[in-house]
């Protein structure tokens, strides 16, 4: 289905076309842009509420600034759909987040208007500051640098580190704080309360407006009365808000709060700010999901709702005649409550993803034992370590790709102290349409090289529950459990807990000739492959190893002794991953059978459905079967006729 843009939007193929409009036309353009996003996302899917909330800001930014020469950096990128549509990608927008289509996030290789690639939060200020310092060094003193960051992303340590540096660097940097009290879930923490105080202080806002109106017109204050106004305003903030302004303490010039949905006023303000040197922050108050009533009302649900009827708001969901397997994240969420009911030491921790990882189930049932610490992965890990020193057992749930941000804390604060922190790594392996910024490619490799760390992956929901149960038993130490985005394979999944001996796998299928060794959910694709091969007359062994560290050495030695060739399969990077662990074991113990490793290759794999990406990288069921056939053929060619594989 073709989504038709409005009359003004249809004529805009670049920001230069936008600049031809009159200020009065910006309101209509904003309405058309918002409607185009609603129409497109309802049909093709994608993130929703965040981009609706910054429509007017996006229009004003490209209207005022000379992009791409002036550099515009979006934080995270959920809010950048309008930016993409206005910068020459309107007609390609239906391919957004689809295989071989447009990325759902800003991406330097996709457009010169995407000044910085973003998928993880809180990087915009540091990146824009680096660009600003580079411009100073190159003598490009007319160049503007703008970072658009949400109040949720502002809670991360990286954002404060960059603010602290920018205040002394004194480069030409404008930070726009998009304040809607939301990231994906409602924001938490003292910064949220601080911003709310600024936003809602009627006395402050009323006096501030009157101060600027009066002092700005009086010439008796000298040639620059606004300087006097700013000094008086700073004192007023400290008095009326009962605290100094955080941003001005960091040597930023603070402006706001302003209405982030008044496009004409925003254009005027941004134009004025262009002439003010040094680091500045513009505090814009917006509504996530603005212009679509249901998205404004339930901002978490409408962050990325999937396909929906734009008229009724009905979100389209598949209906099934039989019970379906649950999502792994929901198995985690419900299992957390069960474990916590049995063990008073169990606690839950997540960095701003309670609904994304389903810890919200425990937060509702046991609010004093489950914590959303904000977008702060490093703190989440060290906070968990602190809990563990006091005899508690924290389950720290972080997406695999986000855990990369807390790697030092995993090593230094957890592993070196051998603390029983359980890391539940959601979205391990290919994350689907979110693409390479969210793929969990590296956790097996980066976790298994850490002393004291157990590295495990369940093949199904029952194994996830049992691994979680095992991890909270006494004297377990650091424990990593990875599982993918999406559904498992067991409609009847709520089984009684059983302890799994650490470092033990299980035999899924006995065979001859070639054995498939898998770890994690991808083993279910190997099951399909062995069924295909059996129909062809090839009897293939299959072992669910469950642990990349420690390996089940007894099972591995038995497989290497019996089978003439091995295929390893993992939904993770080949370098340093599970297959590499098998090769290390073979080298250490003198085994020399042929091995074919399947997994994520040493390149950036773009976005697409998980099945599309498994196929691209050769470890879907067909790819696994093909690898077995290839090895079987090679082994048969070297074997006497009476021993040919069957």
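In our numbering, the protein residues as written are 918 to 1563. Cβ coordinates follow ideal geometry from the N, Cα and C atoms, glycine included. Nothing here was measured: the structure is a model prediction, and the numbers come from that model.
Ignoring anything shorter than 4 residues, give me the alpha helix (DSSP H) runs that lie fully in the region 1197 to 1241, in order along the chain. Listed in chain order, the complete alpha helix (DSSP H) runs (minimum 4 residues) inside the region 1197 to 1241 are 1210 to 1214.
Alpha carbon to alpha carbon, what distance is there between residue 1355 and residue 1090? One-based indexing of the chain shown puts residue 1090 at position 173. One-based indexing of the chain shown puts residue 1355 at position 438. When rounded, the distance between both Cα atoms is 28 Å.
How should residue 1061 be labelled, buried or exposed, when 16 other C-beta atoms within 10 angstroms of its C-beta is the threshold for buried? On the chain shown, residue 1061 is found 144 positions in, with the first residue counted as 1. Residue burial annotation: residue 1061 is buried, with at least 16 other C-beta atoms found within 10 angstroms of its C-beta.
Could you tell me which whole alpha helix (DSSP H) segments of length 4 or greater appear in the region 1421 to 1498? The region 1421 to 1498 is shown to contain whole alpha helix (DSSP H) runs of 4 or more residues at 1440 to 1452, 1470 to 1479, in chain order.
Smallest Cα separation from residue 1392: which of 1171, 1306, 1220, 1459? In the chain shown, counting from the first residue as 1, residue 1392 sits at position 475. Answer by Cα proximity: 1306.
Is residue 1279 helix, strand or coil when you go by DSSP? For the purposes of this step, residue 1279 is identified with residue 362 of the chain shown, where counting begins at 1. The answer is helix: DSSP assigns residue 1279 an H, G or I state.
Going along the chain, which unbroken runs of the alpha helix (DSSP H) with 4 or more residues stay wholly within the region 1312 to 1378? Taken in chain order, the complete alpha helix (DSSP H) segments of 4 or more residues contained in the region 1312 to 1378 are 1317 to 1320, 1360 to 1365.
Select from 1360, 1491, 945, 1546 the residue whose C-alpha is nearest the C-alpha of residue 1450. In the chain shown, counting from the first residue as 1, residue 1450 sits at position 533. It is 1546.
Roughly how many angstroms lie between the CA atoms of residue 927 and residue 1240, to the nearest whole one? Your numbering for residue 927 matches position 10 in the chain shown. Your numbering for residue 1240 matches position 323 in the chain shown. Their backbone Cα atoms lie some 46 Å apart in a straight line.
Nearest-angstrom Cα distance between residue 1473 and residue 1005? Your numbering for residue 1473 matches position 556 in the chain shown. Your numbering for residue 1005 matches position 88 in the chain shown. Using only the alpha carbons, I get a separation of about 54 Å.
Which listed residue (1408, 1054, 1491, 946) has its alpha carbon closest to that of residue 1238: Residue 1238 sits at position 321 when you count from the first residue of the chain shown. Of the residues 1408, 1054, 1491, 946, the one whose Cα lies closest to the Cα of residue 1238 is 1408.
So does the region 1249 to 1261 actually touch the region 1217 to 1224, counting three or more Cβ pairs closer than 8 Å? Counting Cβ pairs under 8 Å, fewer than three are found: no touch.
Closest Cα partner of residue 1034 within the set 996, 992, 1488: The residue you call residue 1034 lines up with position 117 of the chain shown. Here the closest residue by C-alpha is 992.
Just curious, the beta strand (DSSP E) that residue 1174 is in, first and last residue? Taking the first residue of the chain shown as position 1, residue 1174 is located at position 257. From DSSP, the beta strand (DSSP E) with residue 1174 extends over 1170 to 1176.
So, helix, strand or coil for residue 1185, using DSSP? The sequence position of residue 1185 within the chain shown is 268, counting from 1. Collapsing the DSSP output to three states places residue 1185 in a helix.
Per DSSP, which residues does residue 974 bridge with? Please list them. If you number the chain shown from 1, residue 974 lands on position 57. None, per the DSSP bridge assignment.
Quick check: the Cα distance between residue 1565 and residue 1525, rounded to an integer number of angstroms? Since the displayed the chain opens at 918 and closes at 1563, residue 1565 lies outside it and no answer follows.
Which first and last residues belong to the alpha helix (DSSP H) in which residue 926 is found? As a working note, residue 926 is residue 9 in the chain shown. Boundaries of the alpha helix (DSSP H) harbouring residue 926: 924 to 927, taken from the DSSP string.
Rounded C-alpha distance that separates residue 1245 from residue 1489: Position 328 of the chain shown, counting from 1, holds the residue named residue 1245. Position 572 of the chain shown, counting from 1, holds the residue named residue 1489. Their backbone Cα atoms lie some 17 Å apart in a straight line.
Quick test of the definition: if touching needs 3 or more C-beta pairs under 8 Å, does the region 931 to 944 touch the region 1179 to 1195? Taking 8 Å as the limit for Cβ pairs, the verdict is that the region 1179 to 1195 does touch the region 931 to 944.
Per DSSP, which residues does residue 1289 bridge with? Please list them. As a working note, residue 1289 is residue 372 in the chain shown. When beta bridges are read from the DSSP output, residue 1289 appears opposite 1267.
Thinking C-alpha only, which one of 1010, 1053, 984, 1015 is nearest residue 1029? If you number the chain shown from 1, residue 1029 lands on position 112. Nearest of 1010, 1053, 984, 1015 to residue 1029, Cα basis: 984.
If you draw a straight line from the alpha carbon of residue 1519 to that of residue 1349, how long is it in whole angstroms? Numbered from its first residue, the chain shown carries residue 1519 at position 602. Numbered from its first residue, the chain shown carries residue 1349 at position 432. Spanning the alpha carbons of residue 1519 and residue 1349 requires a straight line of approximately 18 Å.
Residue 1433 burial status per 10 Å Cβ neighbour count (16 or more: buried): Here residue 1433 refers to the residue found at position 516 when the chain shown is read from its first residue. Under the 10 Å beta carbon count, residue 1433 is surrounded by 16 or more other beta carbons and is classified as buried.
May I ask you to list the residues that DSSP assigns as paired with residue 1062? Counting from 1 along the chain shown, the entry for residue 1062 is found at position 145. Residue 1062 is bridged by DSSP to 988.
From residue 1329 to residue 1297, what does the alpha carbon distance come to, in whole angstroms? Here residue 1329 is taken as the residue at index 412 of the chain shown, counted from 1. Here residue 1297 is taken as the residue at index 380 of the chain shown, counted from 1. Distance between the alpha carbons of residue 1329 and residue 1297 is about 14 Å.
So what's residue 1396 in DSSP terms, helix, strand or just coil? What you label residue 1396 is simply residue 479 of the chain shown in a count that begins at 1. Three-state DSSP puts residue 1396 in a strand.
Coarse secondary structure for residue 941, derived from DSSP in three states: Position 24 of the chain shown, counted from the start, is the residue given in the question as residue 941. In this structure, residue 941 counts as coil in the three-state DSSP scheme.
In angstroms with no decimal places, state the Cα-to-Cα distance between residue 952 and residue 990. Here residue 952 refers to the residue found at position 35 of the chain shown. Here residue 990 refers to the residue found at position 73 of the chain shown. In a straight line, the C-alpha of residue 952 is about 24 Å away from that of residue 990.
Can you tell me whether residue 933 is helix, strand or coil according to DSSP? Within the chain shown, numbered from 1, the residue matching residue 933 stands at position 16. It is helical.
Apart from the five residues just before and just after residue 1561, which ones in its own chain have a Cβ nearer than 7 Å to its Cβ? Locating residue 1561 in the chain shown gives position 644, counting from the first residue. Summary for residue 1561: the model assigns pLDDT 39, below 50, so the residue's position carries little reliability, and this model does not support an answer.
Can you give the Cα-Cα distance for residue 1262 and residue 1254, rounded to whole angstroms? Along the chain shown, read from residue 1 onward, the residue named residue 1262 stands at position 345. Along the chain shown, read from residue 1 onward, the residue named residue 1254 stands at position 337. Going from the Cα of residue 1262 to the Cα of residue 1254 covers about 12 Å.
List, from N- to C-terminal side, the alpha helix (DSSP H) runs of 4 residues or more that fit wholly inside the region 994 to 1080. Counting only runs of 4 or more, we get 998 to 1001, 1041 to 1055.
Contact set for residue 1415: own chain, Cβ-Cβ below 8 Å, skip 5 residues either direction: The sequence position of residue 1415 within the chain shown is 498, counting from 1. Excluding the 5 residues flanking it on each side, residue 1415 has same chain C-beta neighbours closer than 8 Å at 1383, 1386, in chain order.
Inter-residue spacing [alpha-carbon to alpha-carbon] between residue 1412 and residue 1077: Taking the chain shown and counting its residues from 1, the one referred to as residue 1412 is at position 495. Taking the chain shown and counting its residues from 1, the one referred to as residue 1077 is at position 160. Their backbone Cα atoms lie some 45 Å apart in a straight line.
Short of 7 Å in beta carbon distance, which residues of its chain neighbour residue 1009, apart from the five on each side in sequence? Order them along the chain. Taking the first residue of the chain shown as position 1, residue 1009 is located at position 92. Listed in chain order, the non-local C-beta contacts of residue 1009 below 7 Å within the same chain comprise 1019, local neighbours out to five positions each way being set aside.
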